[in-house]
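Reading the sequence shown from the start, the letters are residues 1 to 427 in the UniProt record's numbering. Have a look at the structure below, then the notes.
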Amino acid sequence: MSAPTTFQELLDDEVLDIGDGYRAKNSELTGGGEIFLRAGHVTDTHIDFEGVERFDPALSEKVESKMSEVGDTIITTKGNSTGRTSFVTSDMPRFVYSPHLCYWRSTDPERIENGFLRYWARGKEFQHQLAALKASTDMAPYLSLKDQKRLKITLPPIEEQRAIASILGALDDKIELNRRMNATLESLARAIFKSWFVDFDPVHVNAGKINAGQMPASSAIPTTHDPKVLDLFPSTFQDSELGPIPEGWGSTTLGDEVDFQTGNAFKSKSFTNEPPGTRLARGMNVKEGVFFWGNQTRYWPEVTEDIEPYLLRAGDVLIGMDGSKVGKNWVRVREVDLPCLLVQRVARLRAADSVGENFLWIFCGSETFRRYVDSVKTGTSIPHISGGQIKSLSFVRPPKGDDRVFHEFENIVSAFASQQSARQECK
Numbered sequence: 001m002s003a004p005t006t007f008q009e010l011l012d013d014e015v016l017d018i019g020d021g022y023r024a025k026n027s028e029l030t031g032g033g034e035i036f037l038r039a040g041h042v043t044d045t046h047i048d049f050e051g052v053e054r055f056d057p058a059l060s061e062k063v064e065s066k067m068s069e070v071g072d073t074i075i076t077t078k079g080n081s082t083g084r085t086s087f088v089t090s091d092m093p094r095f096v097y098s099p100h101l102c103y104w105r106s107t108d109p110e111r112i113e114n115g116f117l118r119y120w121a122r123g124k125e126f127q128h129q130l131a132a133l134k135a136s137t138d139m140a141p142y143l144s145l146k147d148q149k150r151l152k153i154t155l156p157p158i159e160e161q162r163a164i165a166s167i168l169g170a171l172d173d174k175i176e177l178n179r180r181m182n183a184t185l186e187s188l189a190r191a192i193f194k195s196w197f198v199d200f201d202p203v204h205v206n207a208g209k210i211n212a213g214q215m216p217a218s219s220a221i222p223t224t225h226d227p228k229v230l231d232l233f234p235s236t237f238q239d240s241e242l243g244p245i246p247e248g249w250g251s252t253t254l255g256d257e258v259d260f261q262t263g264n265a266f267k268s269k270s271f272t273n274e275p276p277g278t279r280l281a282r283g284m285n286v287k288e289g290v291f292f293w294g295n296q297t298r299y300w301p302e303v304t305e306d307i308e309p310y311l312l313r314a315g316d317v318l319i320g321m322d323g324s325k326v327g328k329n330w331v332r333v334r335e336v337d338l339p340c341l342l343v344q345r346v347a348r349l350r351a352a353d354s355v356g357e358n359f360l361w362i363f364c365g366s367e368t369f370r371r372y373v374d375s376v377k378t379g380t381s382i383p384h385i386s387g388g389q390i391k392s393l394s395f396v397r398p399p400k401g402d403d404r405v406f407h408e409f410e411n412i413v414s415a416f417a418s419q420q421s422a423r424q425e426c427k
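Right, dumping it as structure tokens:
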């Protein structure tokens with residue numbers, strides 16, 4: 001193993017290229033041209049291209065120097081997500097880096113394997129240097145190009161780099177396949193939720209207003225015509241403040257149907273970055289349906305009797321209550337996330353006697369929930385929502401005491417959820 005070398009030395013040897021992003025003007029993001037990738041679309045598991053902005057096609061030549069290439073290692077460089085990393089694969093569309101992203105790119109495959117850089121960015125040598133840079137300032141975390149050039153990297157022989165990249169790359173390919181299959185399972189569960197609790201398709205079927213040739217998209221699922229399911233729904237609608245709803249159904253709130261709790265004010269000076277201890281579920285760990293641990297993992301040294309009520313359970317649904325993505329940041333707790341403690345400014349929803357955990361995670365990840373949060377959130381620089389506002393969110397349900405629709409939904413969707421959880425735990 002060779003001695004560590006700096007990124008600057010690799011730049012001088014012309015075997016490595018480091019670059020940052022393009023500072024786009026809003027007036028430039030008006031067309032169907034090149035994708036403009038912001039840091040919020042980069043996760044530890046994949047790049048999410050949904051909802052990305054695009055440049056005016058006439059600007060393609062202007063932004064070419066900031067375009068991605070297959071094999072790039074991507075690093076987020078500003079804010080609490082600094083150091084989050086991803087990788088550009090051959091099946092991705094090309095895109096323009098934004099200012100809060102940097103890339104590392106090998107220019108000599110006989111000296112540096114791109115795939116090795118990908119995994120080095122997740123390893124201890126880089127993460128320890130990143131942590132030291134963060135600790136050296138009271139300002140918001142920031143990884144400048146100057147700081148990156150001072151990074152030290154230990155490069156094994158090229159054959160060893162390639163072997164590391166090949167083995168870990170195969171594992172990442174499996175994880176990506178699992179992620180895509182999980183997305184398919186989740187789509188099926190959401191389709192059933194929409195059919196039953198938004199479009200009320202079984203009521204239309206019972207009323208004879210829908211037949212096989214008239215089914216809307218959300219009804220193209222076997223459960224809609226299942227006699228066992230149809231028996232749980234009426235055949236007529238009634239008017240309500242929320243619009244037409246199934247006859248006999250009424251309005252309820254999340255607070256009335258779930259076990260609700262917000263987190264404890266743990267003292268940050270007692271946090272540790274490494275085990276032993278119990279993981280803490282903080283707002284920055286709750287990210288759009290997945291837990292983000294990585295370099296944001298913090299531990300509490302001891303679970304005493306007074307904080308036992310804040311221990312989480314598998315199936316709990318957590319909602320981040322602050323930040324630019326409030327209303328979108330939620331996660332379902334898995335067995336692999338435990339033991340874990342709930343921290344302030346994170347809300348915990350736990351299934352009670354009526355709605356179950358699968359109803360909760362789909363509902364909290366729905367467009368209905370996001371629209372509601374957008375309508376009630378407060379704050380401009382840091383938007384936030386209160387526990388009372390979350391509990392006040394209303395939806396419709398069958399008559400009180402009749403929870404059969406909720407229970408049948410759990411029975412059907414739990415098969416999808418168990419497959420999804422098993423695939424996630426393969427990670």
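C-beta atoms are modelled at their ideal positions from N, C-alpha and C, and glycine is treated no differently.
C-beta contact flag for residue i and residue j at 7 Å
i       : j       : result
Thr-82  : Thr-76  : yes
Pro-227 : Gly-248 : no
Glu-28  : Asp-48  : no
Asp-322 : Leu-145 : no
Leu-37  : Phe-87  : no
Gln-344 : Gly-263 : yes
Thr-224 : Ser-195 : yes
Phe-291 : Phe-359 : no
Pro-309 : Gly-277 : no
Arg-180 : Ile-362 : no
Lys-377 : Val-326 : yes
Leu-23  : Ile-35  : Looking at the sequence provided, one finds Arg at residue 23 rather than Leu. No; because the gap between Cβ atoms is not below 7 Å, this pair is not in contact.
Outcome for residue i when other beta-carbon atoms lying within 10 angstroms are tallied against a minimum of 16
i       : result
Val-336 : exposed
Gln-148 : buried
Ser-98  : buried
Phe-126 : buried
Ile-167 : exposed
Ser-375 : exposed
Ile-153 : buried
Ile-245 : buried
Asn-182 : buried
Gly-401 : exposed
Glu-367 : exposed
Leu-342 : buried
Ser-106 : buried
Gly-165 : The identity of residue 165 in the sequence shown is Ala, whereas the question assumes Gly. So Ala-165 counts as buried.
Gly-32  : exposed
Asn-411 : exposed
Val-70  : exposed
Asp-316 : buried
Ile-382 : exposed
Pro-398 : buried
Alpha-carbon spacing of residue i relative to residue j, whole angstroms
i       : j       : result
Gly-294 : Thr-30  : 35 Å
Ser-2   : Arg-162 : 16 Å
Glu-357 : Leu-171 : 30 Å
Ala-217 : Asp-201 : Note that Ala-217 scores a pLDDT of 48, beneath 50, so its modelled location is shaky; the value from the coordinates is reported in the next line. The alpha-carbon atoms of Ala-217 and Asp-201 are separated by roughly 10 Å.
Asp-17  : Ala-265 : 44 Å
Gly-289 : Leu-318 : 9 Å
Val-331 : Glu-14  : 43 Å
Glu-110 : Leu-312 : 49 Å
Val-355 : Phe-406 : 5 Å
Arg-150 : Ile-158 : 22 Å
Ser-394 : Ala-39  : 33 Å
Residue nearest to residue i in terms of C-alpha spacing, selected from the options
i           : options                               : result
Ala-347     : Val-333, Asn-358, Phe-359 and Asp-353 : Val-333
Arg-282     : Gly-19, Glu-308, Gln-296 and Ala-121  : Gln-296
Ile-390     : Val-405, Gln-261, Ala-352 and Ser-270 : Gln-261
Lys-267     : Ile-307, Thr-252, Pro-275 and Ser-251 : Ile-307
residue 459 : Ile-112, Asp-138, Ala-189 and Ala-191 : Here the chain has residues from 1 to 427 only, and residue 459 is not among them.
Tyr-142     : Asp-199, Pro-339, Thr-5 and His-100   : His-100
Ala-415     : Ile-192, Thr-272, Leu-11 and Val-52   : Ile-192
Gly-320     : Phe-197, Lys-25 and Lys-287           : Lys-287
Val-258     : Ile-175, Gly-243 and Ser-392          : Ser-392
Asp-108     : Gly-365, Asp-12 and Val-205           : Asp-12
Thr-85      : Gly-115, Cys-364 and Leu-338          : Gly-115
Residue i: first and last residue of the uninterrupted alpha helix (DSSP H) it sits in
i           : result
residue 429 : Residue 429 is absent from the structure shown; the chain starts at 1 and stops at 427.
Phe-200     : No alpha helix (DSSP H) holds Phe-200; DSSP gives it neither H nor E.
Thr-368     : 367 to 376
Ile-390     : 387 to 391
Leu-133     : 124 to 135
Val-229     : 227 to 230
Residue span of the beta strand (DSSP E) that contains residue i, given as start and end
i       : result
Gly-19  : 16 to 20
Asp-259 : 258 to 262
Ile-47  : That residue, Ile-47, is in no beta strand (DSSP E); it is neither H nor E in DSSP.
Ile-35  : 35 to 37
Ser-86  : 85 to 87
Ser-60  : Here Ser-60 belongs to no beta strand (DSSP E); instead the alpha helix (DSSP H) covers 60 to 63.
Phe-395 : 394 to 397
Trp-249 : It is not in any beta strand (DSSP E) - Trp-249 carries neither H nor E in the DSSP assignment.
Any non-hydrogen atom of the ligand GTP within 6 Å of residue i CB
i      : result
Val-70 : Because no ligand of any kind appears in the structure shown, any question about the ligand GTP cannot be addressed here.
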